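**Student:**
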Amino acid sequence: MRLVFLGPPGSGKGTQAKRLGQSQGIPQLSTGDLLRSVARSGTGLGRKAQTYMDAGKLVPDNLVIELILERMTHDDCKHGFILDGFPRTQVQAEALDRALRTRHIPIDAVIDFEINPEVLLERLTGRRVCPNGHGEWHIKFHPSVVAGFCDVCHALLVQREDDQEDRIRIRMEMYRKDTEPLKQYYAQRQQLRTIQAEGDVAAITQQIEAALKGIARPS
Ligand code: AP5
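According to the working numbering, the sequence shown is numbered sequentially starting from 608.
#1: Say the cut is 7 Å; is the CB of GLN699 nearer than that to a heavy atom of the ligand AP5?
#2: How close, in whole Å, do the beta carbons of VAL671 and GLN699 come, if the pair is a contact with beta carbons under 8 Å?
#3: State yes or no: is the C-beta of MET679 nearer than 7 Å to some heavy atom of the ligand AP5?
#4: If we ignore side chains and look at the alpha-carbon of each, how far apart do LEU690 and ARG767 end up?
#5: Which class does GLN623 belong to by DSSP, given the choice of helix, strand or coil?
#6: Hey, is GLY619 close to the ligand AP5, as in C-beta under 7 Å from one of its heavy atoms?
#7: Ignore the nearest five residues each way along the sequence and tell me which others in ASN739's own chain have a CB closer than 6 Å to its CB.
#8: On the CB-based measure, 16 or more other CB atoms within 10 Å of its CB, does ARG609 come out buried or exposed?
#9: Roughly how many whole angstroms lie between the Cα atoms of SER826 and GLY628?
#10: Considering only heavy atoms of the ligand AP5, does any lie closer than 7 Å to the CB of PHE558?
#11: For GLN623 and THR650, I'd like the C-alpha separation in whole angstroms.
#12: Could you check which residue in CYS684, ASP683 and ARG695 has the C-alpha nearest to that of ASP668?
#13: I'd like to confirm something about ASP683: is its beta-carbon nearer than 7 Å to some heavy atom of the ligand AP5, or not?
#14: At the level of alpha carbons, what is the spacing between LYS747 and ARG708?
#15: Between the alpha carbons of GLU787 and GLY614, how many angstroms are there, rounded?
#16: Using C-beta distances below 8 Å, list every residue in its chain close to ILE802, excluding the 5 sequence neighbours before and after it, in chain order.
#17: GLY663 and ILE777 look like a contact to me (Cβ under 8 Å); what is the Cβ gap, rounded to whole Å?
#18: With DSSP collapsed to three states, give me the class of ILE633.
#19: When the Cβ atoms of the stretch 725-743 are set against those of the stretch 628-637, are three or more pairs found closer than 8 Å?
#20: What did DSSP end up calling SER826 once you bin it into helix, strand or coil?
#21: Just to confirm my understanding: we take VAL752, look at its own chain, exclude 5 residues before and 5 after, and list those with CB closer than 7 Å. What are they?
#22: Any idea what DSSP makes of ARG734, helix, strand or coil?
#23: With a threshold of 7 Å (Cβ to nearest heavy atom), would LEU613 be considered close to the ligand AP5?
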């Protein structure tokens, strides 16, 4: 099964991609995670990506496209994948189409996460992440066992630079301007399935599973 998760920052793409990926045995390919890992490497490229991310802006298309297309060649993607946060621009969507056409592997569905912007703000300002990459928690919705500390390595949890309210608003505007138009792009291809992304995490997973009935393919 090959899926795209499309939705504004904080709509739960990552949370749901992890859950569905585990149940389906396919990897979650998050461009945000890939870029953060490049940024941690401290190379010139990593520092460049970090500057865009910290500002809440989109990283240039060529860098993101190269990263994700390379990741899609790994063995674990043979039977499918969930693209979490890619594509986010028309240029990225067209590059993905071209790459998949060459390999004769179509996207099965694009899940569109619909959500009220006020909910996003509460979700993102309350998120805390492990500085060593062990995961993320939420001060209200998904607290760590010892408040403020990583459940895995016990490091002090931190707030993502782009989870500051001013940066969240920039990310939401980037989504509205650059990414939201992709809904129409995929609707025209009859690939778009819209779900309501508010409420209980497990209930949202069920909605996604229901949206995929009849269109999912085994490989
Ligand atoms: P990225 O890391 O992808 O950030 P994002 O899309 O802004 O996504 P988030 O991780 O903030 O939200 P999400 O929808 O995945 O929600 P999540 O499940 O985490 O990208 C970061 C940056 O990288 C971008 O700004 C850009 O600079 C760059 N980038 C990435 N991809 C790019 C691309 N293709 N092109 C160019 N640049 C790119 O949940 C959020 C919070 O809500 C969590 O705390 C979670 O616990 C909580 N939560 C989730 N679901 C629920 C629920 N049902 N109820 C209560 N709380 C919930």
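Backbone N, C-alpha and C define an ideal beta-carbon position, used for all residues, glycine too. Just so you know, these numbers come straight off a predicted model, no measurement behind them.
**Tutor:** Looking at the coordinates:
#1: Here the question's residue 699 lines up with position 92 in the sequence shown. Checking every heavy atom of the ligand AP5 against the Cβ of GLN699, one is found closer than 7 Å.
#2: Position 64 of the sequence shown holds residue 671. Position 92 of the sequence shown holds residue 699. Sure, about 6 Å apart at Cβ, within 8 Å.
#3: As a position in the sequence shown, residue 679 is number 72, starting the count at 1. Not so, every heavy atom of the ligand AP5 lies at least 7 Å from the Cβ.
#4: Translated into positions along the sequence shown, residue 690 becomes position 83. Translated into positions along the sequence shown, residue 767 becomes position 160. So the alpha carbons of these two residues sit roughly 21 Å apart.
#5: The count along the sequence shown starts at 1 and reaches residue 623 at position 16. Of the three classes helix, strand and coil, the one that applies to GLN623 here is helix, per DSSP.
#6: Taking the first residue of the sequence shown as position 1, residue 619 is located at position 12. Checking the Cβ of GLY619 against the ligand AP5 gives yes.
#7: On the sequence shown, position 132 is the one that residue 739 refers to. Contacts found: CYS760 and ALA762.
#8: As a working mapping, residue 609 is identified with position 2 in the sequence shown. Looking at its Cβ environment, which holds 16 or more other Cβ atoms inside 10 Å, ARG609 is buried.
#9: The sequence position of residue 826 within the sequence shown is 219, counting from 1. The sequence position of residue 628 within the sequence shown is 21, counting from 1. Confidence at SER826 is low in this model, with a pLDDT of 46, below 50, so the placement of that residue should be treated as unreliable; the coordinate-derived value is given next. Approximately 14 Å, taken between the alpha carbons.
#10: The requested residue 558 does not occur in the structure, where the chain is confined to residues 608 to 826.
#11: Counting from 1 along the sequence shown, the entry for residue 623 is found at position 16. Counting from 1 along the sequence shown, the entry for residue 650 is found at position 43. One C-alpha to the other measures close to 31 Å.
#12: For the purposes of this step, residue 668 is identified with residue 61 of the sequence shown, where counting begins at 1. Residue ARG695 is the option with its Cα nearest to ASP668.
#13: Counting from 1 along the sequence shown, the entry for residue 683 is found at position 76. ASP683: no, Cβ never under 7 Å from the ligand AP5.
#14: Indexing the sequence shown from 1 puts residue 747 at position 140. Indexing the sequence shown from 1 puts residue 708 at position 101. Those two C-alpha atoms are separated by around 43 Å.
#15: Position 180 of the sequence shown, counted from the first residue, corresponds to residue 787. Position 7 of the sequence shown, counted from the first residue, corresponds to residue 614. Distance between the alpha carbons of GLU787 and GLY614: 8 Å.
#16: The residue given as residue 802 occupies position 195 in the sequence shown. Hits under 8 Å: ILE718, ASP719, PHE720, GLU721, ILE811, GLN814, ILE815 and ALA818.
#17: Here residue 663 refers to the residue found at position 56 of the sequence shown. Here residue 777 refers to the residue found at position 170 of the sequence shown. About 4 Å; that satisfies the 8 Å criterion.
#18: Taking the first residue of the sequence shown as position 1, residue 633 is located at position 26. The answer is coil: DSSP assigns ILE633 none of H, G, I, E or B.
#19: no
#20: In the sequence shown, counting from the first residue as 1, residue 826 sits at position 219. Bear in mind that a pLDDT of 46 at SER826, under 50, signals an unreliable position, so the number given afterwards is only what the model happens to contain. Coil.
#21: Along the sequence shown, read from residue 1 onward, the residue named residue 752 stands at position 145. If we look at VAL752 and ignore the five residues flanking it on each side, its Cβ neighbours are ASP758.
#22: Mapped onto the sequence shown, residue 734 falls at position 127. DSSP places ARG734 in strand when its eight states are reduced to three.
#23: Indexing the sequence shown from 1 puts residue 613 at position 6. No; taking the cut-off as 7 Å, the Cβ of LEU613 has no heavy atom of the ligand AP5 nearer than that.
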